[in-house]
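Undergrad:
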Amino acid sequence: MDGLFSNSYELPQTPFLKQYYREKSKFPDAILFFRMGDFYETFFDDAKTVSELTGIALTSKPAGKDSRVPLAGVPVKAVDNYINTIIEKGYKVAVCEQLEPPGKKLIKRGIVSLITPGTAVEPSLVHPDRDLYVCCVVPGKKITGIAFAEALSGEFKTGEIPSHLLEEELSRISPREVLLPEGFQDEIGNHFLSRLDATYFSPAVSEKLKKNLGAATLLGFGIDDASPSAVAAAALFEYLSRTTNSGMNHMKKIRRHDFTDSMILDKMTVKNLEIIESSSGNPKDSLFGALDYTALACGRRLLKKWLSEPLKNAEKISERHDAVEELTHKKEIRDSISEMLKEIHDPVR
């Protein structure tokens with residue numbers, strides 16, 4: 315238990331707390347939501363953190379003879395709101411559920427999911443106008459592999475960039491979470507970082523990715539199996555599988571991302587040009603606000619991406635212009651599509 319809790323006193327050893335210690339040790343850097351009936355309870359330092367982040371009263375619970383432990387609990391019915399608050403402030407949450415009906419003996423419990431800023435998949439935890447990328451970086455002296463994905467939609471891309479452009483590229487992707495090999499200790503910008511041990515970069519993990527994609531090799535996707543981009547993609551897929559406690563079976567396609575197709579605009583440039591947000595505080599005063607007549611959240615996300623990642627490829631620019639021109643001149647088709655879009659939910663998510 316060393317390092318799990320900062321309390322200096324000897325930890326109580328009641329049956330339910332022993333169960334709690336075992337589950338907490340699996341993800342010591344996450345806040346453990348421990349299901350007990352109609353509440354998810356948090357204990358020790360987790361309870362203090364949850365109380366500070368959410369305003370829930372910090373209480374205590376008897377734990378054996380003459381002993382009490384710090385406690386903060388949230389109702390099961392309202393848990394999504396509390397989890398959202400916690401991950402928005404840059405923390406991870408491990409959810410430990412009751413795995414059998416209540417009885418006289420100690421109920422069997424186990425962690426069913428790890429929710430991080432980049433891996434939230436419940437619709438109630440996802441902001442509809444935001445991309446929720448988690449990004450894996452495999453650093454190199456000259457070339458760095460970088461893969462990014464959205465756990466909810468299944469969007470999955472990977473590629474390579476000159477290592478000195480990593481900060482700018484991460485700024486453009488704007489991931490909610492960045493994954494790094496455990497041995498790489500350099501800090502990368504102002505991002506939520508998670509360190510991955512060597513098991514995420516093993517050949518077995520690469521085989522799991524290819525099996526999920528239904529391919530013997532990644533060459534059909536334009537990716538060399540031995541490249542840094544392939545290593546990053548496999549590690550990212552494994553991380554999503556483990557944290558969501560699923561096989562990520564909807565992630566059946568991976569695309570090679572050519573980072574040279576679009577201009578690199580750093581955060582300061584985007585801010586100074588008021589591309590997405592305006593300094594006046596009025597959303598309509600930004601370039602995005604002036605152009606945003608989208609019908610769906612996925613359209614708003616795409617428009618933001620197009621504006622903050624201007625294309626450099628003349629052929630692709632022409633294709634985009636042609637598509638816009640087609641809809642501009644054919645009002646009946648445009649209006650028909652707009653009406654249909656109003657009747658459906660976000661098709662990507």
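Just add 314 to wherever you are in the sequence shown, counting from 1, and you've got this note's numbering. Beta carbons are placed, not taken as given, at the ideal position from N, Cα and C, and that holds for glycine.
#1: For the 8 Å Cβ check, are there 3 or more pairs between the region 447-458 and the region 559-577?
#2: Let me know if A604 comes out buried or exposed under the rule of 16 or more other beta-carbons within 10 Å of its beta-carbon.
#3: Between L550 and A461, how many whole angstroms is the CB-CB distance? I'm expecting something under 8 Å.
#4: Please look up how many angstroms separate the CB atoms of V448 and R486, rounded, as I've assumed it's under 8 Å.
#5: So what does DSSP say about A637, is it helix, strand or coil?
#6: For I589, which residues in the same chain have their Cβ closer than 7 Å to its Cβ, ignoring the five residues on either side in sequence?
#7: Taking all protein chains shown into account, decide if G473 is buried (16 or more other Cβ within 10 angstroms of its Cβ) or exposed.
#8: Would P624 be called buried (16 or more neighbouring beta carbons within 10 Å of its own) or exposed?
#9: Determine the burial state of K418: buried for a count of at least 16 other Cβ atoms within 10 Å of its Cβ, exposed for fewer.
#10: Return the chain-ordered list of same chain residues with a C-beta closer than 7 Å to the C-beta of P389, the five sequence neighbours on each side being excluded.
#11: Grouping DSSP H, G and I as helix and E and B as strand, with all else coil, what is S594?
#12: Compare the Cα-Cα distances from P376 to each of F358, N526 and K362 and report the closest residue.
#13: Thinking E496 and L510 are a contact (beta carbons under 8 Å), I'd like their distance in whole angstroms, please.
#14: Excluding the five sequence neighbours on either side, which residues of its own chain have a C-beta within less than 8 Å of the C-beta of N563, listed in chain order?
#15: Measuring CB to CB, does V519 end up less than 8 Å from L507?
#16: How would you write the range of the alpha helix (DSSP H) that L367 sits in, first residue to last?
#17: Rounded to the nearest angstrom, what separates A386 and P416 at their Cα positions?
#18: If you run the structure through DSSP and keep just helix, strand and coil, what is M654?
#19: With burial defined as no fewer than 16 other Cβ atoms inside 10 Å of the residue's Cβ, what is the status of Y607: buried or exposed?
#20: Using CA atoms only, rank isn't needed, just tell me which of G534, A408 and R349 is closest to E414.
#21: Taking contact to mean 3 or more Cβ pairs, one atom from each stretch, closer than 8 Å, check whether the region 578-585 and the region 534-542 are in contact.
#22: Go ahead and pull the three-state DSSP assignment for M582.
#23: Indicate whether I401 and A371 have their beta-carbon atoms separated by less than 8 Å.
#24: Can you tell me which of A408, Q499 and A392 puts its alpha carbon nearest to the alpha carbon of Y334?
#25: Does the ligand FMN have a heavy atom nearer than 7 Å to the CB of I425?
#26: Identify whether S488 lies in helix, strand or coil by the three-state DSSP scheme.
#27: CA-CA distance, T557 and E640?
#28: Tell me which residue opens and which closes the alpha helix (DSSP H) that I387 is part of.
#29: Considering only residues of the same chain and omitting the five flanking positions on each side of D649, which have a CB-CB separation below 6 Å?
#30: Less than 8 Å between the beta carbons of K471 and R614, yes or no?
#31: I need the DSSP call for A549, collapsed to helix, strand or coil.
TA: On the basis of the supplied data:
#1: no
#2: Taking the first residue of the sequence shown as 1, we reach residue 604 at position 290. It counts as exposed.
#3: For the purposes of this step, residue 550 is taken as the residue at position 236 of the sequence shown. For the purposes of this step, residue 461 is taken as the residue at position 147 of the sequence shown. Indeed they touch by this definition, with Cβ atoms about 5 Å apart.
#4: For this step, residue 448 is matched to residue 134 along the sequence shown. For this step, residue 486 is matched to residue 172 along the sequence shown. Contact doesn't hold; Cβ gap of about 15 Å is too wide.
#5: Taking the sequence shown and counting its residues from 1, the one referred to as residue 637 is at position 323. Secondary structure at A637: helix, using DSSP grouped into helix, strand and coil.
#6: Position 275 of the sequence shown, counted from the start, is the residue given in the question as residue 589. Within the same chain, I589 has close Cβ partners S600, L601, F602, L621 and S622.
#7: In the sequence shown, residue 473 corresponds to position 159, counting from 1. Around the beta carbon of G473, a 10 Å sphere encloses 16 or more other beta carbons of the protein chains shown; the residue is thus reported as buried.
#8: Within the sequence shown, the letter at position 310 stands for residue 624. It counts as exposed.
#9: Sequence index remark: in the sequence shown, residue 418 carries index 104 (1-based). Burial call: exposed.
#10: Start at 1 with the first residue of the sequence shown, and residue 389 comes out as number 75. Excluding sequence positions up to five before and after P389, its CB lies within less than 7 Å of the CB of D352 and F353, all in the same chain and listed in chain order.
#11: On the sequence shown, position 280 is the one that residue 594 refers to. Coil.
#12: Against the sequence shown, residue 376 aligns to sequence position 62. For P376, the nearest C-alpha among the options comes from F358.
#13: For the purposes of this step, residue 496 is taken as residue 182 along the sequence shown, with counting starting at 1. For the purposes of this step, residue 510 is taken as residue 196 along the sequence shown, with counting starting at 1. Confirmed, Cβ separation roughly 6 Å.
#14: As a first step, residue 563 must be located in the sequence shown, where it is residue number 249. Within the same chain, N563 has close Cβ partners N526.
#15: As a working mapping, residue 519 is identified with position 205 in the sequence shown. As a working mapping, residue 507 is identified with position 193 in the sequence shown. No.
#16: Indexing the sequence shown from 1 puts residue 367 at position 53. Per DSSP, L367 belongs to the alpha helix (DSSP H) from F358 to T368.
#17: By 1-based counting over the sequence shown, the position of residue 386 is 72. By 1-based counting over the sequence shown, the position of residue 416 is 102. A direct Cα-to-Cα measurement between A386 and P416 gives close to 22 Å.
#18: Within the sequence shown, numbered from 1, the residue matching residue 654 stands at position 340. Reduced to three states, the DSSP call for M654 is helix.
#19: In the sequence shown, counting from the first residue as 1, residue 607 sits at position 293. So Y607 counts as exposed.
#20: As a working note, residue 414 is residue 100 in the sequence shown. For the residues G534, A408 and R349, the minimum Cα distance to E414 belongs to R349.
#21: no
#22: Mapped onto the sequence shown, residue 582 falls at position 268. Looking at M582 - three-state DSSP - the assignment turns out to be helix.
#23: Position 87 of the sequence shown holds residue 401. Position 57 of the sequence shown holds residue 371. Contact flag unset, no.
#24: Taking the sequence shown and counting its residues from 1, the one referred to as residue 334 is at position 20. Comparing Cα-Cα distances from Y334 to each of A408, Q499 and A392, the minimum goes to A408.
#25: Here there are no bound small molecules, and the ligand FMN is not part of this structure.
#26: In the sequence shown, the residue the question calls residue 488 occupies position 174. Coil, per DSSP.
#27: Counted from its first residue, the sequence shown places residue 557 at position 243. Counted from its first residue, the sequence shown places residue 640 at position 326. Distance from the CA of T557 to the CA of E640, rounded to the nearest whole angstrom, comes to 43 Å.
#28: Your numbering for residue 387 matches position 73 in the sequence shown. The sequence as given places Gly at residue 387; Ile does not occur at that position. For G387, no alpha helix (DSSP H) encloses it; the enclosing beta strand (DSSP E) starts and ends at R382 to P389.
#29: Taking the sequence shown and counting its residues from 1, the one referred to as residue 649 is at position 335. For D649, where only same-chain residues beyond five positions count, there are no Cβ hits under 6 Å.
#30: Start at 1 with the first residue of the sequence shown, and residue 471 comes out as number 157. Start at 1 with the first residue of the sequence shown, and residue 614 comes out as number 300. No.
#31: Position 235 of the sequence shown, counting from 1, holds the residue named residue 549. Helix.
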